[in-house]
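Chemist: Just dropping this structure here.
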Amino acid sequence: MIKRYDIILTNPDIFQAIIGGMYVNPEENLEQSFHLFEYVIYDEFHAYREFELSGILTQIALFQNMSACKVILSSATPKKEIIELLNLVRIGKERHAPIIENIFATPCSMEEGEIIRYQTKVEFHQGKILENIKDIADVLHKVIGELKPGSPQILFIFDTVKDSNLFFTRLFKEYPEIYKYAEKDNGYDTNQIGDIPDFTKPILVSTNKSEVGLDYPIKMLFMEDGFSIDSFVQRFGRAARHEPANCYIYTKKEANPIFTDEIVAYHTFLEKMSYITGEFNIQTKSVRTLFTFRQAIAIEKYVHRKDDLRAYFAVDTGYSYKLWLNFFILLNKYNNGGLSNPNLKRLKLLIDDIKDACKSLRGRSLRHPVIYTRGHEIRQTMYDLLSVLNRVSAVVERTTEGFIIREVESEETGPFISAIKLPYFPDLMDYQKRREQFNEKIETIAKKAVDVFPEKQQGFLLACIRSLYYSIEPDHIILPDEIILWNRKVISLSEDAMDDN
63 MIKRYDIILT NPDIFQAIIG GMYVNPEENL EQSFHLFEYV IYDEFHAYRE FELSGILTQI
123 ALFQNMSACK VILSSATPKK EIIELLNLVR IGKERHAPII ENIFATPCSM EEGEIIRYQT
183 KVEFHQGKIL ENIKDIADVL HKVIGELKPG SPQILFIFDT VKDSNLFFTR LFKEYPEIYK
243 YAEKDNGYDT NQIGDIPDFT KPILVSTNKS EVGLDYPIKM LFMEDGFSID SFVQRFGRAA
303 RHEPANCYIY TKKEANPIFT DEIVAYHTFL EKMSYITGEF NIQTKSVRTL FTFRQAIAIE
363 KYVHRKDDLR AYFAVDTGYS YKLWLNFFIL LNKYNNGGLS NPNLKRLKLL IDDIKDACKS
423 LRGRSLRHPV IYTRGHEIRQ TMYDLLSVLN RVSAVVERTT EGFIIREVES EETGPFISAI
483 KLPYFPDLMD YQKRREQFNE KIETIAKKAV DVFPEKQQGF LLACIRSLYY SIEPDHIILP
543 DEIILWNRKV ISLSEDAMDD N
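Following our numbering, the numbering of the sequence shown begins with 63 at its first residue and continues without gaps.
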C-alpha cells in the first residue's frame with residue numbers, strides 16, 4: 063500500500079508499534095516498512111523527551127540500516143545532545159556512525175531573504191494568566207472592535223489544560239462579550255466528541271499544544287513562560303510571524319529587572335530569558351539505557367527476524383542489547399527450586415510492565431471518557447485517568463462500557479490523588495512523591511528478589527535494574543490497581559470492583 067504514494071504523512075508512534083510487535087503480524091513483514099523511503103522527516107524534534115527519544119533512535123537505526131534514506135530532524139530549538147545521541151546509531155557492516163550535517167537559519171538583510179519575525183512589544187507580569195483575568199479583559203475590550211473573523215489574531219498559551227479550560231469557562235460566565243469571539247484548543251479538545259474547534263474565531267485559548275505547528279497572524283499573545291527556555295521560545299515564536307505584535311508574558315520569577323534597555327535584539331532577549339525560565343538538558347545516559355532496552359525487546363519479540371535485528375542494531379562496547387537479553391534470560395530461568403519467591407514475582411511483573419511501556423513510543427496510560435464543561439457546553443473527551451483525577455475535582459462512574467470521569471465544581475485546588483496501589487509493591491505509594499518512592503520501593507524488592515541468585519549474578523541484576531529505574535519516569539509505566547483520592551475515596555480499577563465510598 064505504501065508504495066502507491068510519493069509522500070506518507072504519519073507519526074513515529076506507528077513505526078514504534080511495528081518495532082514493539084504491537085500489531086497482529088504473524089508474517090513479521092511489517093518491519094520491511096523501514097526500507098521503503100528515500101527521506102524520513104521528524105518535525106519538531108525538540109518536543110521529544112528521553113523516553114520518546116530512545117524510541118526515535120531505534121527507528122533511525124532501522125531506517126539507516128535497511129535503506130539508503132536520509133533522515134531529517136527539524137526543530138527551531140535543537141538540542142546539542144542530539145548529536146551525541148545520534149552517534150549511538152551504527153550503520154552497515156563497518157558499524158560507522160551516521161554522517162551528520164547541521165543546517166542553521168541565520169539572520170540576513172531583507173535583500174537576502176524574507177522576514178520571519180517582526181518587531182514585538184513585550185510586557186512582563188509575574189504570576190499566572192488566570193490571576194490577571196480582569197486586566198486582560200480590559201485590554202481585550204479595547205481591541206475587540208478591531209478583530210476580524212477568518213483566523214485567530216489573539217492567542218493565549220497556558221501551562222496546563224486545567225487552567226485553559228477554567229479561563230474559557232470564566233470568559234463565558236463573566237465576559238460573554240469576549241467569549242463569543244473565543245475558541246479553545248487543548249489536549250481535551252483533540253479527542254472530544256462534538257464539533258471541532260472553530261479556527262475562524264479571532265481569539266484562541268490553548269496550551270503547549272500550540273507551541274508547534276501554529277502559523278496564524280497573531281498580533282497579540284498572552285503566554286505563561288512554559289517549562290524551559292525551549293518551551294518559551296516555541297511559544298514566543300507564535301507571535302509576530304506576519305506583522306508586529308504585542309506579547310504579554312506571565313512568569314514564575316520577576317523578569318522586569320533584567321531588561322534595562324527599551325530595545326533588545328532577539329537573541330539577547332532569549333539569552334536573558336533563559337535565566338528566568340531555566341534550561342532543559344537531555345539526560346543522554348537515560349536515552350542510551352532505554353535505546354538498548356528497546357532493541358532487546360524487539361529482538362525478543364520477533365521470532366523469525368531476530369538475526370536481521372541483531373545485525374541492524376549496533377553492538378557498542380560493553381553496553382548493548384546483549385546486556386538486556388542476558389538480563390531477561392537470567393531473570394526468567396531461575397525458579398528457586400520450585401519454592402515461592404513473592405519478591406521475584408513482583409520484580410518480574412515490574413519488568414514485564416516496563417517492557418510493555420517500551421513497546422510503544424510514549425509508554426502506557428489509562429485513557430477513559432471525561433465529561434467536562436467547555437465554556438457554555440458539556441462535552442466528552444478521552445484523556446489519561448491519572449492526569450485528570452490529580453488535577454481536577456472529579457467523580458468516577460462505572461458503566462457497562464467501563465469507567466467515565468465526570469468533572470465537578472469544587473473550591474479545592476488539588477492535587478487530588480493522595481496515593482496509589484501498584485501490583486508490585488505490598489504497600490501504598492504516595493502519588494505526589496512517586497518518583498522517589500518508586501525508585502526506593504523497586505530497590506527494596508529487587509534486593510530481596512535477587513538474594514537467591516549467586517553473588518556475581520546479584521550484582522549484574524541489580525546494576526541492570528538500577529539503570530532502568532534511574533532512566534524511566536514512573537508515569538510512563540504505572541497502571542495502578544487502586545487510586546486513593548485526597549478525601550480518602552478509593553477507586554478500584556480492577557475489572558470486577560470499584561469502591562468509591
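Virtual Cβ for every residue (Gly too), placed ideally from N, Cα, C.
CB Asn127 to CB Ile153, shorter than 8 Å?
Modeler: Residue 127 sits at position 65 when you count from the first residue of the sequence shown. Residue 153 sits at position 91 when you count from the first residue of the sequence shown. Yes. Within cutoff.
Chemist: Considering just the uninterrupted stretch of the beta strand (DSSP E) at Gln442, what are its terminal residues?
Modeler: Residue mapping note: residue 442 aligns to position 380 of the sequence shown, counting from 1. From DSSP, the beta strand (DSSP E) with Gln442 extends over 439-446.
Chemist: Taking the alpha-carbon of Ala317 as reference, which of Pro306, Phe331, Ala327, Leu217 has the nearest alpha-carbon?
Modeler: Counting from one through the sequence shown, the residue named residue 317 turns up at place 255. Taking only the C-alpha atoms, the option nearest Ala317 is Phe331.
Chemist: Would you list the one or two residues that DSSP bridges to Tyr312?
Modeler: Position 250 of the sequence shown, counted from the start, is the residue given in the question as residue 312. Paired residue(s): His187, Glu286.
Chemist: Run through the stretch 97-178 for me and flag every whole alpha helix (DSSP H) of 4 or more residues, listed as ranges in chain order.
Modeler: 112-128, 143-148
Chemist: List the endpoints of the continuous beta strand (DSSP E) containing Pro238.
Modeler: Position 176 of the sequence shown, counted from the first residue, corresponds to residue 238. Per DSSP, Pro238 belongs to no beta strand (DSSP E); it is in the alpha helix (DSSP H), 238-241.
Chemist: Does the distance from the C-beta atom of Ile265 to that of Glu245 stay below 8 Å?
Modeler: Taking the first residue of the sequence shown as 1, we reach residue 265 at position 203. Taking the first residue of the sequence shown as 1, we reach residue 245 at position 183. Contact check for Ile265 against Glu245 passes: the beta carbons are separated by less than 8 Å.
Chemist: Can you find at least 3 beta carbon pairs, one from the stretch 421-440 and one from the stretch 112-129, that sit closer than 8 Å?
Modeler: yes
Chemist: Could you check whether Tyr434 and Tyr241 sit closer than 8 Å to each other, using their CB atoms as the reference points?
Modeler: As a first step, residue 241 must be located in the sequence shown, where it is residue number 179. As a first step, residue 434 must be located in the sequence shown, where it is residue number 372. For Tyr241 and Tyr434, no; Cβs fall outside 8 Å.
Chemist: Return the residue from the list Asp369, Ala360, Arg429, Lys263 that minimises the CA-CA distance to Asp418.
Modeler: By 1-based counting over the sequence shown, the position of residue 418 is 356. Answer by Cα proximity: Ala360.
Chemist: For Ile145 and Thr354, I'd like the C-alpha separation in whole angstroms.
Modeler: On the sequence shown, position 83 is the one that residue 145 refers to. On the sequence shown, position 292 is the one that residue 354 refers to. Straight-line Cα distance between these residues: approximately 17 Å.
Chemist: Distance, Cα to Cα, Asn405 vs Glu505?
Modeler: In the sequence shown, counting from the first residue as 1, residue 405 sits at position 343. In the sequence shown, counting from the first residue as 1, residue 505 sits at position 443. Whole-angstrom Cα-Cα distance: 11 Å.
Chemist: What number of angstroms, rounded off, separates the C-alpha of Arg356 from the C-alpha of Cys420?
Modeler: In the sequence shown, the residue the question calls residue 356 occupies position 294. In the sequence shown, the residue the question calls residue 420 occupies position 358. Approximately 6 Å, taken between the alpha carbons.
Chemist: Of all the options Asn253, Asn343, Lys368, which has the alpha carbon lying nearest to the alpha carbon of Phe289?
Modeler: Locating residue 289 in the sequence shown gives position 227, where the first residue counts as 1. Considering only alpha carbons, the answer is Asn343.
Chemist: Provide the residue span of the beta strand (DSSP E) that contains His430, from first to last.
Modeler: Residue 430 sits at position 368 when you count from the first residue of the sequence shown. For His430, the enclosing beta strand (DSSP E) has its first and last residue at 429-436.
Chemist: Hey, how far is the Cα of Tyr278 from the Cα of Gln215?
Modeler: As a first step, residue 278 is located in the sequence shown; it is residue number 216 there, counting from the start. As a first step, residue 215 is located in the sequence shown; it is residue number 153 there, counting from the start. Pairing Tyr278 with Gln215, the inter-Cα distance amounts to about 7 Å.
Chemist: Candidates Tyr110, Ser129, Glu163, Asn149: which alpha carbon is nearest Thr139's?
Modeler: Translated into positions along the sequence shown, residue 139 becomes position 77. The residue with the shortest Cα to Cα distance from Thr139 is Tyr110.
Chemist: Starting from the C-beta of Lys503, find all residues in its chain whose C-beta is less than 6 Å away, skip the five residues before and the five after it, and write them out in chain order.
Modeler: Translated into positions along the sequence shown, residue 503 becomes position 441. Phe487, listed in sequence order.
Chemist: Let me make sure I understand the geometry here. Which of Arg429, Leu387, Leu412 has the alpha-carbon closest to that of Phe500?
Modeler: Translated into positions along the sequence shown, residue 500 becomes position 438. Of Arg429, Leu387, Leu412, the residue nearest in Cα terms is Leu412.
Chemist: For His108 and Asp513, what's the separation of their Cα atoms in angstroms?
Modeler: Within the sequence shown, numbered from 1, the residue matching residue 108 stands at position 46. Within the sequence shown, numbered from 1, the residue matching residue 513 stands at position 451. In a straight line, the C-alpha of His108 is about 42 Å away from that of Asp513.
Chemist: Helix, strand or coil for Asp562? Go by DSSP, reduced to three states.
Modeler: Here residue 562 refers to the residue found at position 500 of the sequence shown. Since pLDDT at Asp562 reaches only 38, below the 50 mark, its modelled position is unreliable, and the value read off the structure follows with that caveat. Residue state, collapsed to three classes: coil.
Chemist: Please confirm whether Phe6 and Ile198 have their CB atoms less than 8 Å apart.
Modeler: Given that the chain is displayed from residue 63 to residue 563, the structure contains no residue 6 and the question cannot be resolved.
Chemist: Leaving aside the five residues before and after Glu471 along the sequence, list all residues of the same chain whose C-beta is less than 8 Å from its C-beta, in chain order.
Modeler: Counted from its first residue, the sequence shown places residue 471 at position 409. Within the same chain, Glu471 has close Cβ partners Ser455.
Chemist: Could you tell me which residues DSSP puts in a beta bridge with Ala307?
Modeler: Taking the sequence shown and counting its residues from 1, the one referred to as residue 307 is at position 245. Looking at the DSSP assignment, Ala307 forms a beta bridge with Thr182.
Chemist: Give the range of the beta strand (DSSP E) segment to which Lys246 is assigned.
Modeler: As a position in the sequence shown, residue 246 is number 184, starting the count at 1. Here the beta strand (DSSP E) through Lys246 covers 244-247.
Chemist: Tell me whether the beta-carbon of Ser213 lies closer than 8 Å to the beta-carbon of Asp247.
Modeler: Taking the first residue of the sequence shown as position 1, residue 213 is located at position 151. Taking the first residue of the sequence shown as position 1, residue 247 is located at position 185. No, they are not a contact pair.
Chemist: For chain D, is any of its Cβ atoms less than 8 Å away from the one on Leu423?
Modeler: Chain labels in this structure do not include chain D; a single protein chain is all it has.
Chemist: Taking buried to mean at least 16 other C-beta atoms within 10 Å of its own C-beta, is Ile103 buried or exposed?
Modeler: The residue you call residue 103 lines up with position 41 of the sequence shown. Counting other Cβ atoms within 10 Å of its Cβ, Ile103 stays below 16 and is therefore classed as exposed.
Chemist: What residues are listed by DSSP as bridge partners for Thr461?
Modeler: On the sequence shown, residue 461 is found 399 positions in, with the first residue counted as 1. DSSP lists Gly464 as the beta-bridge partner residues of Thr461.
Chemist: Are the beta-carbon atoms belonging to Arg429 and Tyr445 less than 8 Å from one another?
Modeler: Here residue 429 refers to the residue found at position 367 when the sequence shown is read from its first residue. Here residue 445 refers to the residue found at position 383 when the sequence shown is read from its first residue. Result yes, Cβ atoms of Arg429 and Tyr445 sit closer than 8 Å.
Chemist: Can you have a look at Ile546 and say buried or exposed, based on whether 16 or more other CB atoms are within 10 angstroms of its CB?
Modeler: By one-based count along the sequence shown, residue 546 stands at place 484. The residue is buried, with at least 16 neighbouring Cβ atoms inside 10 Å.
Chemist: Just the C-alpha distance for Glu236 and Ser226, rounded to the nearest angstrom, thanks.
Modeler: Taking the sequence shown and counting its residues from 1, one reaches residue 236 at position 174. Taking the sequence shown and counting its residues from 1, one reaches residue 226 at position 164. Near 15 Å, if we compare the C-alpha coordinates of Ser226 and Glu236.
Chemist: Measure the C-alpha to C-alpha separation of Tyr85 and Asn73 and round it to an integer number of angstroms.
Modeler: Numbered from its first residue, the sequence shown carries residue 85 at position 23. Numbered from its first residue, the sequence shown carries residue 73 at position 11. Distance between the alpha carbons of Tyr85 and Asn73 is about 16 Å.
Chemist: Spell out a yes or no on whether the stretch 476-484 and the stretch 534-549 are touching, meaning 3 or more CB-CB pairs, one atom from each, closer than 8 Å.
Modeler: yes
Chemist: Does Phe218 come out as helix, strand or coil in the three-state DSSP assignment?
Modeler: Locating residue 218 in the sequence shown gives position 156, where the first residue counts as 1. Residue state, collapsed to three classes: strand.
Chemist: Are the Cβ atoms of Asp287 and Lys314 separated by less than 8 Å?
Modeler: Along the sequence shown, one-based indexing puts residue 287 at 225. Along the sequence shown, one-based indexing puts residue 314 at 252. Cβ distance < 8 Å, so Asp287 and Lys314 count as in contact.
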